[in-house]
Amino acid sequence: MRIRSIFLLFWLFPFVAHAAIVDLDMRPGIRASAEYLVGDRSKPAVLLLHGFLQTREFRTVATVGSSLHDEGYTVLLPTLSLNIPNRRQSLACEAIHHHNMEEDIAEITRWVAWLKSRGHPRIVLFGHSFGSLQLLAYLNARPDPAVKAYVGTSLIETRIGSTSRSALIAQLKDRIQRKQNALVTQNISLCNKYAAPPGDLLSYVEWDQPRTLAAVKTVPVRMQLIMGDADQLIGRNWGKALQHVQAPMVYVKGANHFMDAEHEFDLLEHNLNFLKTLPAAS
């Protein structure tokens, strides 16, 4: 693990803060990085995760992260490796994808543990779009007790276009059983042509609406979902399904999937309001 200091002083706050790029080994040969912005240690640290195939530079998470730090919160913005050493750029849909949900969860686990090791006993997870789903998958596994809350923005299940999900899952499982590892090209999330080995693809495809809703119902920490009421990328009935499982949810009026333009301020306000409801450090 290596930390590269960028700058050390922010005159806006009564505490000394610094930013750094943190490099962390995830698996043999795979190193990933995160931006670490230190804030007031009496406040919870916030880990923000980008959407599908993106990086921490993606505007939605980068803007929220910077704004939360301006409000005094410690922020960690990792870039998932997607099995690419030192990944710095978003990954094209047309690339060959050798990554899976289990590895994503393992990397989230590593970053949460790293935050704990830096003296942050209270951690809030913030995800955007598919990042919200990956954090939900982490919370559905074995989350660290230091994780106290979860904010899912534009939460979305793994979408696969018009393909029959049951038929696709059966096909992928059959290929795995037969040890047929040839790439499968499929519409997934925002990608029309996404090529991956059967096992890696299956790990994402299995996160359909029922599984996602079941995970929402069993989130073991405080939760807030933030959705745009003008989001054209989610299914028409998705919001109703989330309401049916009584997910704590707020809508940003007029906001699209990316909460951009003037809706960035609404997104920040909802985040700050939620963070203020969390119990103070004991």
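Following the numbering used here, the numbering of the sequence shown begins with 1448 at its first residue and continues without gaps. Each residue gets a CB set at the ideal place from its N, CA and C atoms; glycine is no exception. Values in this document were obtained by computation on a predicted structure and should not be read as measured data.
Output needed for residue i: all residues of its chain with C-beta closer than 8 Å, excluding positions within five of it in sequence on either side, in chain order.
i	result
W1458	In this predicted model, W1458 has a pLDDT of only 36, less than 50, meaning its place in the structure is not dependable; the value taken from the coordinates is given anyway. Here the set comprises nothing.
Tell me which residues share the same chain as residue i and place their Cβ nearer than 6 Å to its Cβ, disregarding the 5 neighbours each side in the sequence.
i	result
A1588	I1552
D1472	R1478
V1463	Low per-residue confidence applies at V1463: pLDDT is 44, beneath 50, and the placement is therefore not dependable, though the value from the model is reported in the following sentence. Closer than 6 Å at Cβ, skipping near neighbours: no residue.
A1642	I1543, L1630 and T1632
G1512	L1495, V1522 and L1524
L1602	S1579 and L1672
Nearest to residue i by CA position, among the options, is which residue?
i	options	result
F1705	D1676, L1619 and F1721	D1676
F1499	S1514, S1537, N1639 and Y1585	S1537
G1646	E1549, K1687 and A1596	E1549
V1699	Q1690, D1678 and L1648	D1678
V1598	N1547, R1557, P1667 and A1728	P1667
D1655	I1468, Q1581, A1481 and V1508	Q1581
T1526	W1685, R1506, A1584 and H1497	H1497
F1721	I1681, T1600, L1524 and S1613	T1600
S1650	A1584, L1602, D1707 and L1714	A1584
A1481	H1516, R1506 and R1535	R1535
Quick one: give me the first and last residue of the beta strand (DSSP E) that residue i is part of.
i	result
H1575	I1570 to H1575
K1595	V1594 to T1600
N1634	V1631 to I1635
Please list, in chain order, all residues of the same chain as residue i whose beta carbon is under 7 Å from its beta carbon, the five residues on each side excluded.
i	result
G1476	P1532
K1563	D1591 and A1593
G1519	F1460, G1486, D1487 and K1490
R1557	L1471 and M1473
Could you spell out the range, first to last residue, of the alpha helix (DSSP H) harbouring residue i?
i	result
E1482	No alpha helix (DSSP H) contains E1482, which is instead part of the beta strand (DSSP E) from I1477 to L1484.
M1548	M1548 to S1564
W1624	Correcting the residue type first, residue 1624 is Gln in the shown sequence and not Trp. Residues R1612 to Q1624.
G1646	P1645 to V1652
V1663	Q1656 to K1664
Q. Are the stretch 1540 to 1548 and the stretch 1566 to 1575 touching by the rule of at least three beta carbon pairs closer than 8 Å?
A. Touching, no.
Q) Contact between the stretch 1617 to 1634 and the stretch 1692 to 1708: three or more CB pairs below 8 Å? A) Counting Cβ pairs under 8 Å, fewer than three are found: no touch.
**Q.** Validate contact between the stretch 1603 to 1618 and the stretch 1633 to 1646 using beta carbons, cut 8 Å, 3 pairs
**A.** Yes: the two stretches touch, three or more of their Cβ pairs being nearer than 8 Å.
Q: Examine the Cβ distances between the stretch 1668 to 1687 and the stretch 1560 to 1567 and report whether three or more of them are shorter than 8 Å.
A: No contact exists between the stretch 1668 to 1687 and the stretch 1560 to 1567.
(Q) Suppose only complete runs of 3+ residues qualify. What are the beta strand (DSSP E) ranges in the stretch 1490 to 1525, listed by chain order? (A) Secondary structure in the stretch 1490 to 1525: the beta strand (DSSP E) runs of 3 residues or longer, each lying completely within the stretch, are 1492 to 1496 in chain order.
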